[in-house]
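Using the working numbering, the letters of the sequence shown correspond one by one to residues 60 to 396.
Reviewing the structure listed below.
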Amino acid sequence: MSKRDYYFDNAKFILIFLVVFGHAIQSSIEEDALLMTTYQTIYFFHMPAFILIAGYFAKANYAKGLFLKLLKKLIVPYIIFQVIYTIYYYFLRNEKNIEIDPFNPQWALWFLVSLFFWSLLLILFVDVLKLKWKAAMGISIGLGVMVGFINDYTSTLSLSRTFVFFPFFLAGHYLNREFFNKIASKKGQIFSVLSILVVFISIFLLPDWSSRWLFGSHSYEDLGTPVEASPLLRLLIYGVSFWLVIAFFSLSPVNKTFFTKWGLNTLYVYLFHGFIIQFYRESNLGLIVNPYVSLLIIMAASLLLTIFLSSRFVAAAGQPIVELRASKAKKLMKSKE
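Have a look at this one:
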């Protein structure tokens, strides 16, 4: 086996923390401009960067049994968690009845569905159509822009998000390790810090605009922007997102750190943190003290939650329903013997 690349484990842990933190502050962002700016800056790059990593490690050639493997790895866990979250929300929100809809992903579960289709689209673009990278990227961005004109069924099987975020998955496949080495230079890191600051300040100073643009799940009509200007705005968002994604990877630690091990179980964090975050949202606690102190409190709580859900114990306990096997539990038991 080749040596594990700590760089991507570090990046994955930071990104999954930002996912948890972003979800934690979402219910309070309307109360303060700083919270809103922080939230929007994070949403410009955290999922695109995560998706890019997924594309970097994805295989682009079709092999026998691959389709069934993807179904088992992504769709089966999706269905399991779709049922679990539906039942959980039924009790949490005192809903009148339980309606399990496999075609409309609950909250964050869209990622599993989209990852399934991104894997198939990658094979179509690279292995079947054999597109050059420029043509492939151009077509994928074009599809991401065009899907905004579809007003119905945008959430069905994560249709809109699949096409809006596919360019990042595809870009991850085409990038090589040398690219990440080059952007990690001192000059690159200084430029990256300045880039993030420029975007942050720009968002803070700009007039109010809908954060839903960054979700990739809404049609142009639903977003309320003039249809003729919407494609240009989506292209602008693509540009800023790719810019910040590169800035993030430039700053991500290369060597093994104290948090590297927690980057191994990000899928567990992603699937399980919703139970805690949704409970927090339904509690209507909001901001406990002034917004800035609350921001620090929520950040610290998000970090602790991310670390806990990244632990070997949670991975061992959750693997049977996430991966349909129990190798982590067996390994954990042996280590304690």
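Here a beta-carbon is modelled for each residue, glycine too, at the ideal position from N, C-alpha and C.
Here the structure is a predicted model, which means the values were calculated and not measured.
{"Check": "The region 203-223 contacting the region 283-303, beta-carbon criterion three pairs below 8 Å", "Outcome": "yes"}
{"Check": "Inter-residue spacing [alpha-carbon to alpha-carbon] between Ser386 and Phe176", "Outcome": "27 Å"}
{"Check": "Cβ-based neighbour list, Gly377, same chain, cut-off 8 Å, excluding 5 preceding and 5 following", "Outcome": "Tyr327, Leu330 and Phe331"}
{"Check": "CB of Ser270 within 8 Å of CB of Tyr115, strictly", "Outcome": "no"}
{"Check": "At least 3 beta-carbon pairs within less than 8 Å: the region 242-249 vs the region 177-197", "Outcome": "no"}
{"Check": "Limits of the unbroken alpha helix (DSSP H) element including Ala243", "Outcome": "Unbroken run through Ala243: none, as it is neither H nor E."}
{"Check": "Of the listed residues Pro266, Tyr212, Ile242 and Ala388, nearest to Asp281 (C-alpha basis)", "Outcome": "Tyr212"}
{"Check": "C-beta atoms of Phe184 and Ala167 nearer than 8 Å", "Outcome": "no"}
{"Check": "Residue range of the alpha helix (DSSP H) that includes Lys128", "Outcome": "Leu125 to Leu129"}
{"Check": "N- and C-terminal bounds of the alpha helix (DSSP H) containing Pro266", "Outcome": "Taken as a continuous stretch (DSSP letters only), Pro266 belongs to no alpha helix (DSSP H), as it is neither H nor E."}
{"Check": "Same chain, Cβ closer than 6 Å to Tyr419, five either side skipped, listed in chain order", "Outcome": "Nothing can be reported for residue 419, as the shown portion of the chain is limited to 60 through 396."}
{"Check": "Three CB pairs or more closer than 8 Å across the region 258-268 and the region 151-161", "Outcome": "no"}
{"Check": "Three-state secondary structure (DSSP) of Leu176", "Outcome": "Contrary to the premise, residue 176 reads as Phe rather than Leu in this sequence. Here Phe176 sits in helix by DSSP."}
{"Check": "Proximity winner among Leu344, Pro164, Val373 and Thr221, relative to Leu174 (alpha-carbon distances)", "Outcome": "Thr221"}
{"Check": "Euclidean distance between Cα positions of Glu89 and Thr97", "Outcome": "12 Å"}
{"Check": "Own chain, CB closer than 8 Å to Ile336, minus 5 neighbours either side, in chain order", "Outcome": "Val79, His82 and Ala83"}
{"Check": "Delimiting residues of the alpha helix (DSSP H) encompassing Gln337", "Outcome": "Thr325 to Ser342"}
{"Check": "Sequence-distant residues of the same chain with beta carbon closer than 7 Å to Ile75, five excluded per side", "Outcome": "Thr325, Val328, Tyr329 and Thr365"}
{"Check": "Status (buried if at least 16 other CB within 10 Å, exposed otherwise) for Pro226", "Outcome": "buried"}
{"Check": "Beta-carbon proximity check, Thr215 vs Phe162, cutoff 8 Å", "Outcome": "yes"}
{"Check": "With 16 other Cβ atoms within 10 Å as the buried cut-off, status of Tyr121", "Outcome": "exposed"}
{"Check": "Contact check, Ala70 vs Ser311, beta carbons under 8 Å", "Outcome": "yes"}
{"Check": "Continuous alpha helix (DSSP H) assignments of at least 4 residues falling wholly in the region 274-329", "Outcome": "279-282 and 289-310"}
{"Check": "Neighbourhood of Ser86 by C-beta, 6 Å cutoff - its chain only, sequence neighbours within 5 removed", "Outcome": "Arg340"}
{"Check": "Residue environment, Tyr351, which counts as buried when at least 16 other CB atoms sit within 10 Å", "Outcome": "exposed"}
{"Check": "Nearest neighbour of Gly203, chosen from Phe224, Lys189 and Lys123 [CA to CA]", "Outcome": "Phe224"}
{"Check": "Own chain, CB closer than 7 Å to Leu133, minus 5 neighbours either side, in chain order", "Outcome": "Leu171, Leu174 and Phe175"}
{"Check": "Per-residue burial, Lys317 [other beta carbons within 10 Å of its own, 16 or more giving buried]", "Outcome": "For the record, residue 317 in the displayed sequence is Phe; it is not Lys. When all chains shown are included, Phe317 counts as exposed."}
{"Check": "Nonlocal neighbours in the same chain, by C-beta distance under 6 Å from Lys189, ignoring five residues either side", "Outcome": "none"}
{"Check": "Limits of the alpha helix (DSSP H) - the one that Gly197 falls within", "Outcome": "Trp192 to Met205"}
{"Check": "Beta-carbon separation (whole angstroms), Pro164 vs Val381, contact threshold 8 Å", "Outcome": "Not really, about 16 Å apart at Cβ, beyond 8 Å."}
{"Check": "C-alpha gap between Asn235 and Ile73, whole angstroms", "Outcome": "21 Å"}
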